[in-house]
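In what follows, a structure is listed as structure tokens, so that the remarks can point back to it.
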DNA sequence: GTAAACTCTGTACCCAACCCCAGAGTCAAG
DNA sequence: CTTGACTCTGGGGTTGGGTACAGAGTTTAC
């Protein structure tokens, strides 16, 4: 058994987690990952931070903001499972709303493109007309 | 018949179009609406700009960027109907892609929330686990 | 032992679409 | 004719998630 954990410089940590060095510094600046005290001049990072950063990246792929991800990390003590589900559920509601909005926009655009394609070219473009209409 | 068109100060124009004065200045700065030469000290704006600004706002509601809206305005000479449809169609493709992405994210979240709700509270939260999983 | 590659701190910049402020001058209602 | 509401120019700041230096010091591979 070795008692000291492996440590990485910031550049190695960045390469291991497949992010830029600046991303790590940014995450530190917003408190998403800790900033170890310098040992001598440089700071050394535990390898466990590689997983932490990948955690963040996967959360982003689910559309979570860094603030939400920070909250997930904070809540991950086994005591707050319902709160964690709450974050995921709120995100789902937002996604549902966004999908609804996009579908409305999509069908409005489809209608306009269709009308435009079937309107005599001597008449004004229905797309422009619809935007210009006073309501 | 009155020969001179009605003119508005920037504040009246803003109120008529229901935007802020700063929005108008911003639109001027990016060339979306013209900046009339000052008459004396102040600039005076034709009422037709009210419609132009509402046009912009409605385009934004369809998810168009200001750059795309500027292009629509530029193309609106009766000669470029196909190009106008092209803008709308490209936006539709982007929207379709976005909807697909969101639906994938939504179902991933739904699965996680469901699994989390049906996992013994003595076990680690599946939402956290899934984000922490090494892949 | 030296040169390349790295790290440190700090600052500034990117995107879009604005918002807000200061200070000076101007216009219009009463 | 005063006073309050407006306009002008020019600058700054906001949000989120970073990227890009600059300049000085440090470590490491050969």
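Protein chains in written order, with the numbering used here: chain A, 1 to 135; chain B, 1001 to 1135.
Glycine included, each C-beta is placed from N, C-alpha and C at the ideal position.
Scanning chain B for C-beta atoms nearer than 7 Å to the C-beta of residue 58 of chain A yields 1131, reported in chain order. Taking a Cβ-Cβ threshold of 7 Å, the residues of chain A close to residue 1121 of chain B are 81, in chain order.
Taking a beta-carbon distance threshold of 8 Å, residue 62 of chain A counts as an interface residue toward chain B. Here DSSP, grouped into helix, strand and coil, assigns residue 8 of chain A to strand.
Within the same chain, and ignoring the five residues on either side of residue 126 of chain A in sequence, the residues whose Cβ sits closer than 8 Å to its Cβ are 112, 115, 116 and 119. Only residues of its own chain outside the window of five on either side were considered, and among them 66 and 69 have a CB closer than 8 Å to the CB of residue 60 of chain A, listed in chain order.
For the segment 1088–1111 of chain B, the beta-carbon criterion of a distance under 9 Å to any beta-carbon of chain A is satisfied by 1088, 1089, 1091, 1092, 1095, 1096, 1098, 1099, 1101, 1102, 1103, 1105, 1106, 1108, 1109 and 1110.
For residue 1072 of chain B, the neighbours in chain A by C-beta distance under 8 Å run, in chain order, 127, 128 and 131. Per DSSP, the unbroken alpha helix (DSSP H) holding residue 109 of chain A starts and ends at 81–117. Exclusion of the five residues before and after residue 71 of chain A leaves 87 as the residues of its chain whose Cβ lies within less than 7 Å of its Cβ. Listed along the chain, the chain A residues whose CB falls inside 8 Å of the CB of residue 1117 of chain B are 85.
Using a Cβ distance threshold of 8 Å, residue 1021 of chain B and residue 1011 of chain B count as a contacting pair. Residue 53 of chain A and residue 73 of chain A have their C-alpha atoms spaced approximately 11 Å apart. Counting the other CB atoms within 10 Å of its CB gives residue 1097 of chain B a total below 16, which places it among the exposed residues. Per DSSP, the beta-bridge partners of residue 42 of chain A are A:39. Across the segment 17–34 of chain A, no CB contact with chain B closer than 7 Å is found for any residue.
Chain order gives no chain B residues near residue 47 of chain A, where near means a beta carbon separation below 8 Å; the closest approach is about 12 Å. A straight line joining the alpha-carbon of residue 1104 of chain B with that of residue 109 of chain A spans about 23 Å. Under the three-state reduction of DSSP output, residue 121 of chain A falls in the coil class, being neither helix nor strand. Within the same chain, and ignoring the five residues on either side of residue 25 of chain A in sequence, the residues whose Cβ sits closer than 8 Å to its Cβ are 10. Residue 1068 of chain B: member of the alpha helix (DSSP H) spanning 1066–1075, first to last residue. Look at residue 1030 of chain B here: in three-state DSSP terms it is coil, with no helix or strand label. In the assembly as shown, residue 76 of chain A is a buried residue. Its beta-carbon has 16 or more other beta-carbons within 10 Å.
Residue 59 of chain A sits in a helix when the DSSP states are folded into three classes. Contact between residue 42 of chain A and residue 8 of chain A is ruled out by a C-beta separation of about 11 Å, above the 8 Å threshold. Distances from the CA of residue 122 of chain A to each of B:1034, B:1079, B:1130 and B:1028 were compared; the closest alpha carbon is that of B:1079. For residue 1129 of chain B, the enclosing alpha helix (DSSP H) stretches over residues 1126–1132.
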